[in-house]
Amino acid sequence: MLLGGTLATAVARDKLPPAPPTGPAADYPMVLGAPFTVDGVTYTPADTLNYDKVGYAVIDPALGQGISIAHRTLPLPSYAEITSLRTGRTILVRVERRGPMSGNAIIALSPGAAEQLGTGDPRTPIRIRRVNPAEPERALLRSGQPAAQRMDTPMSLVGVLMRRLDPNAAPMPPAPAPVPAPVAAPPPAAPAPSGPKRPAVMPSVQRPAPATMTEPRPTPVSRAAQAPRPVGGGQVVVQVGAFSSRTAAAAVAARVGGAVSPAGRLFRVRIGGFATAAEAGAALAKAKAAGYSEARIQHAD
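The sequence shown begins at 221 in our numbering and counts up by one.
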C-alpha cells in the first residue's frame with residue numbers, strides 16, 4: 221500500500237503544469253502569431269530587428285502600470301525605445317501585447333509608460349525603435365519597474381522626425397469640422413474685398429434708403445482692421461490642451477506659437493487672442509495639423 225501511494229504521488233506531480241519561466245527565460249520563445257485585420261488593414265507580425273518608425277501613441281489602461289506597450293507586428297515579448305516627439309524624452313519599454321485594435325495609432329502605451337514618457341494626451345506623436353537592452357534592464361521591465369531614464373533625443377533630431385510623420389495618421393479628419401464654422405461666418409471677412417469700394421459707397425449713405433444698410437458695414441470692417449494690433453489681446457483664443465507638466469506645456473507652446481498659463485494643477489497652452497472666431501480658424505487648423513485633435517476655439521477667461 222505504501223508503495224502504491226508513493227507511485228500515485230509521483231504520477232500526480234508529473235501532471236502538474238510547469239511553472240512559468242522567470243529570469244531571461246521569460247523572454248523566450250518570442251511569439252509572432254497569425255496575420256490579423258484592424259479597420260480594414262491587414263497586419264502580419266514579423267521579427268524585424270531594425271524596426272524604426274514614427275507615428276502616434278494612445279494610452280490603454282488595460283496594459284496596467286508596468287512599463288509596456290501594445291504593438292501590431294513586433295514579436296511578443298520584445299523591447300523598444302519610445303521617444304516623445306514633443307519633448308524628446310526617451311524611455312525603454314517591453315512589447316507585451318497586440319494592439320491598438322482600432323484607429324491609426326501605431327502603439328498603445330500602458331499608463332505607467334505614459335507617465336514615464338511624460339504624457340497624458342490621448343494621442344502623442346512618437347518614435348518607436350526596436351532595441352536589444354542588457355539583461356538588468358530587461359529584468360526591471362519584466363517586474364513592472366521602469367528602466368533607467370534614457371538620454372533625451374536632441375530637439376534638432378525631433379524636428380526631423382516630426383517631418384516624417386504621416387499626415388494621414390494625424391487626427392486630421394476632425395480638423396475640418398471646426399474650420400468650416402469660422403468659414404461660415406465670413407460676413408465679417410466679406411467686407412474686406414469691398415473695402416476699396418467703400419469711397420463709392422459712402423456717398424450713398426446720405427441717400428434715404430441705403431443709409432440704414434451701409435451703416436452696419438463700417439463696424440465689422442473697423443474691427444477687422446484693429447485685429448492685428450492687439451496681438452494676444454483679443455477675446456477669442458485657441459486652447460491647444462492642458463498638461464500636468466509645465467515643461468511639456470512649454471514644448472507644445474513653442475511648437476504651435478502659443479503661450480502657457482497655469483490653471484489649478486494643470487498648465488494650459490493657448491494661441492491668441494483673436495478678435496473673432498474667424499481669425500482664430502487658421503490657428504486652430506495649425507494646432508490640429510500638429511496633432512492636437514482636442515484643440516478648440518473658446519472665449520478667453
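For every residue, glycine included, the Cβ atom is placed at its ideal position computed from N, Cα and C.
Straight-line Cα distance separating Phe487 from Ala325: 25 angstroms
Under the DSSP definition of a beta bridge, which residues are partnered with Val274? Arg347
Do the CB positions of Gly338 and Ser376 come within less than 8 angstroms of each other? no
For Pro353 and Pro366, I'd like the C-alpha separation in whole angstroms. 13 angstroms
Smallest Cα separation from Gln336: which of Arg349, Ser298, Ile289 and Gly323? Ile289
Tell me the DSSP secondary structure of Arg314 in three-state form. strand
Would Thr310 and Arg370 qualify as a contact pair, given that the criterion is a beta-carbon distance under 8 angstroms? Yes. Within cutoff.
Count the C-beta pairs between the segment 263-279 and the segment 289-300 that are closer than 8 angstroms, then say yes if the count reaches three, no if not. Cβ pair count under 8 angstroms is three or more, so yes.
Where do the N-terminal and C-terminal ends of the alpha helix (DSSP H) with Gln285 fall, by residue? Careful: Gln285 lies outside any alpha helix (DSSP H) and carries neither H nor E.
Whose C-beta lies closer than 6 angstroms to the C-beta of Ser481 among residues of the same chain, with five residues either side of it excluded? Within the same chain, Ser481 has close Cβ partners Arg488.
Look up Ala232 in the DSSP assignment and say whether it is helix, strand or coil. Its pLDDT being 49, under 50, Ala232 is placed unreliably in this model, and the value from its coordinates should be taken loosely. In this structure, Ala232 counts as helix in the three-state DSSP scheme.
Burial state of Asp247, where buried means 16 or more other Cβ atoms lie within 10 Å: When all chains shown are included, Asp247 counts as buried.
Classify Leu304 as helix, strand or coil using the three-state DSSP reduction. As written in the sequence, residue 304 is Ser, which differs from the Leu given in the question. In this structure, Ser304 counts as strand in the three-state DSSP scheme.
What residue from Arg490, Ala277 and Ala300 has the CA that sits closest to Ala469's CA? Arg490
Cβ-based burial, Arg350 [other Cβ within 10 Å; buried from 16]: buried
My understanding is that Val209 touches Gly493, with C-beta atoms under 8 angstroms, so please give their C-beta distance in whole angstroms. This structure gives no information on residue 209, because the portion of the chain shown stretches from 221 to 521.
Is it buried or exposed for Gly243, if we count other Cβ within 10 angstroms and need 16 for buried? In this structure Gly243 is exposed. Its beta-carbon is surrounded by fewer than 16 other beta-carbon atoms within 10 angstroms.
Status (buried if at least 16 other CB within 10 Å, exposed otherwise) for Pro281: exposed
Quick one: give me the first and last residue of the alpha helix (DSSP H) that Leu381 is part of. Met375 to Arg383
Alpha carbon to alpha carbon, what distance is there between Ala473 and Ala479? 5 angstroms
Going along the chain, which residues of its own chain have a beta-carbon closer than 8 angstroms to the beta-carbon of Gly364, five neighbours each way excluded? Gly284, Gln285, Gly286, Ile287 and Gly332
Please look up how many angstroms separate the CB atoms of Val456 and Ala520, rounded, as I've assumed it's under 8 angstroms. 7 angstroms
Buried versus exposed, by CB contacts within 10 Å (16 or more), Gly454: buried
Just tell me which of Leu312, Glu301, Arg343 and Ser298 has its CA closest to the CA of Pro320. With distances taken between Cα atoms, Pro320 lies closest to Arg343.
Residues near Tyr263 by beta carbon distance below 8 angstroms, same chain, minus five either side: Pro255, Phe256, Thr257, Arg292 and Thr293
Spatial neighbours of Ser298 within its chain, please: CB distance less than 6 angstroms, with the 5 preceding and 5 following residues excluded, ordered by chain position. Val315
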